[in-house]
Amino acid sequence: MSQQKASFRQIIICLVIFFGFHWFARNGYDTFAHTIAHLGFFFLALYLSWHLSKFISLTEVKTEPNDKAVLITGCDTGFGNIFAKQLSNLGYQVFAGVLFPDREAAQSLEKYGPNLHIIKMDVTNNNDIQAAKDFVINNLKPNRKLWAIVNNAGIGGFSAIEWGSDSLKENFHDLFDVNTFGVVRVTRSFLPLLRQTKNSRVVIVGSLAGQVTFPGLTPYSMSKHAVRAFGDGLRREISYYGINVSIIEPNMYATRITDNEFISNVSRDAWSKSPAHLRAELGEQEYQRFMHCQTYLNCLKRTNIQEVIDALLSSVTTENPRVYYKVGGYTDKVWLHLFSLLPIEIQDIYCDKVYLNSIIKLVQNQS
């Protein structure tokens, strides 16, 4: 029996059991019915109260920036570039890690002001990370300590699991090397400095893709799911030292790693490096199907990047940062929460049928 048929069968059995309970409760068992009703209301009210409290904005107590320095990785473009400038404007000393220090975007950071320094920093290179650490130690202003590290560097990708060379380099190893192991390397290196500062913090930029995996995003989701687990474990290990750990989980936003042309090139490269026999077996139709997925995802991107920057600012500048910052519109947050409550079999049916079919119909309507 296929997994889909098994899922449909389980849904039917679930409905039969549900209506069985309903019949049992309505046929003379008043005490049972009232007990179940009260317990159900109690747990539902408690559950809703807890989650609704997250949407209520309380006044955040800001920290004093004049004695604090922050290291941010991945500042060439996107979130990191904008965040570094805004944090510097607030009075923090900022060390902005960039991959290409000679390019215009990095140069604009260096000229931004006396509080902002750029550092050549490839998070996959231990020598770069050690050099960055030495630079921070040697250039901290006399009255400042390292207050936070922000693990922002990341790369994206979009391809089927089978695509790419047998070495798995293009769509698995490269993603993990930056998105996951890069975070681990930088955090391990700078923790000794953070332990010297009371109430310091580690900030990790994850993704909502770390919780929900859609076709084409499996390697990326794996890397972000792993970094979420790292953040959870890290928080529980280092809370003893008074170090906070926050995980920023944005929805899809319009940045370089979600640029349609960039993603198309990455996908095309992975397809071209797939074994010839696999490309022949899957055919051009399979390739085009996944390329259409990108068109659909492009329509979902949010354009207000400041939403993410505000979450980053809160995680660094407030006395009591949150553990998780889920960033996106209220509709996105509600949808994700409801989706996560569904049985995994229903989620699979949605991803397999509703999601992919909606993509195909959308593309057909646009053509």
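Position 225 of the sequence shown, counting from 1, maps to 254 under this note's numbering, and the rest follow consecutively. Just so it is clear, CB atoms sit at the ideal spot from N, CA and C, and this is done for glycine as well. From a predicted model like this one, the values you see are computed outputs, not experimental measurements.
Check G49 in the structure and name its three-state DSSP category. Here G49 sits in helix by DSSP.
Just the Cα atoms here: how many angstroms apart are N95 and R173? When the Cα atoms are used, N95 and R173 turn out to be separated by approximately 7 Å.
Can you give me the Cβ contacts of W192 inside the same chain, cut-off strictly under 7 Å, excluding the 5 residues immediately before and after it? N200, A299, W300, S303
Using 7 Å as the threshold, is the C-beta distance between A177 and F319 below it? no
Determine the DSSP secondary structure at K170, reduced to helix, strand or coil. coil
Nearest-angstrom Cα distance between V241 and E278? 12 Å
On the DSSP bridge assignment, give the partners of Q159 in chain order. In DSSP, Q159 forms no bridge with anything.
What separation, rounded to the nearest whole angstrom, lies between the Cα atoms of P350 and V207? If I take the Cα positions, the gap works out to 25 Å.
Does DSSP put R224 in a helix, in a strand, or in coil? In the structure shown, the three-state DSSP call for R224 is coil.
In the region 312-371, which residue ranges form an unbroken alpha helix (DSSP H) of at least 4 residues, counting only runs that do not cross its ends? 335-346, 359-370
Here's the rule I'm using: 16 or more other beta-carbon atoms within 10 Å means buried, otherwise exposed. How should P372 be labelled? exposed
With K253 and A238 assumed to form a contact (beta carbons below 8 Å), what rounded beta-carbon distance in angstroms separates them? 5 Å
In three-state terms, what does DSSP make of Y141? Coil, per DSSP.
Note down the Cα distance separating I389 from Y316, rounded to an integer number of angstroms. Reliability fails at I389, whose pLDDT of 47 lies under 50, so the model's placement of it is uncertain and the value that follows must be treated cautiously. So the two alpha carbons sit approximately 13 Å from each other.
Run of the beta strand (DSSP E) containing I267, from where it starts to where it stops: Following the DSSP letters along the chain, one finds I267 in no beta strand (DSSP E) but inside the alpha helix (DSSP H) bounded by residues 247-267.
For a test of the three-state rule: what should DSSP assign to E93, helix, strand or coil? It is coil, neither helix nor strand.
Between the alpha carbons of L341 and I375, how many angstroms are there, rounded? About 34 Å.
Can you tell me which of the three DSSP states N273 falls into? Strand.
Output yes if chain B places a C-beta closer than 7 Å to the C-beta of L329; else output no. Of the protein chains in the structure, only one exists, and it is not chain B.
So, helix, strand or coil for I388, using DSSP? At I388 the pLDDT is 46, less than 50, meaning the model places this residue with poor confidence and gives no usable figure here.
Looking at C-beta atoms only, is the number of pairs between the region 118-125 and the region 137-155 that lie closer than 8 Å three or more? yes
Residues bridged to E278 (per DSSP): K355
Exposed unless 16 or more other CB atoms sit within 10 angstroms - verdict on K140: exposed
Reduced DSSP category for F219 - H, G, I as helix; E, B as strand; rest coil: helix
Would you report the Cα separation of G358 and G185, rounded to the nearest angstrom? 22 Å
Sufficient close CB pairs (3 or more, under 8 Å) joining the region 151-167 to the region 259-279: no
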